[in-house]
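Each residue of the sequence shown is one higher than the last, beginning at 5 in our numbering. Where is the CB? At the ideal position from N, CA and C, for every residue including glycine. Worksheet: the structure to be examined is printed underneath.
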Amino acid sequence: MSETRAGSVAKFANANYGPISAMAGTQFKVTMTGTGDPDLHVRFGAAPTTTQYDCRPYTAIAAETCSLTVPVGAPAAYIMVNGYSAATFSLTLEYTKP
């Protein structure tokens, strides 16, 4: 399954998505593009925060990717885009539905 989400965030604001149900043991990939410096956070089982996440690629631009194996027992993914600076973003999600 492939789907997209898009939006914008102000500096220090968050955009949240989820829960997104995915099949345990399969790959869950989120690719972000955009402008400014949004920060991608992905977590399974609960919404991510700036300190609690399963994936947080540290880059100074909007191009960030998280590719994770969906854990058994926590097949719901949550995504947060945090505005390190004001930014626009587009997310492409690739995963297998249960």
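Once you ignore the five residues that flank residue i on each side, which residues in its own chain have a CB closer than 7 Å to its CB?
i: G1; result: In the structure as shown, the chain starts at 5 and stops at 102, and residue 1 therefore has no counterpart that could be examined.
i: T39; result: A66, A91 and T92
i: E68; result: M36, L44 and P61
What three-state label does DSSP hand residue i in the structure shown?
i: P23; result: strand
i: F93; result: strand
i: R9; result: strand
i: V76; result: coil
i: T35; result: strand
i: T100; result: coil
i: T69; result: strand
Ignore the nearest five residues each way along the sequence and tell me which others in residue i's own chain have a CB closer than 6 Å to its CB.
i: V74; result: A26, A28, T30 and F32
i: G77; result: none
i: A10; result: S94
i: I24; result: A81
i: C59; result: V46, C70 and L72
Just curious, the beta strand (DSSP E) that residue i is in, first and last residue?
i: R47; result: P42 to F48
i: I83; result: A80 to G87
CB residue i to CB residue j, shorter than 8 Å?
i: A50; j: Y82; result: yes
i: P79; j: P102; result: yes
With respect to 7 Å, is the separation between the Cβ of residue i and the closest non-hydrogen atom of the ligand FAD below this value?
i: G29; result: The ligand FAD is not part of this structure, which contains no ligands at all.
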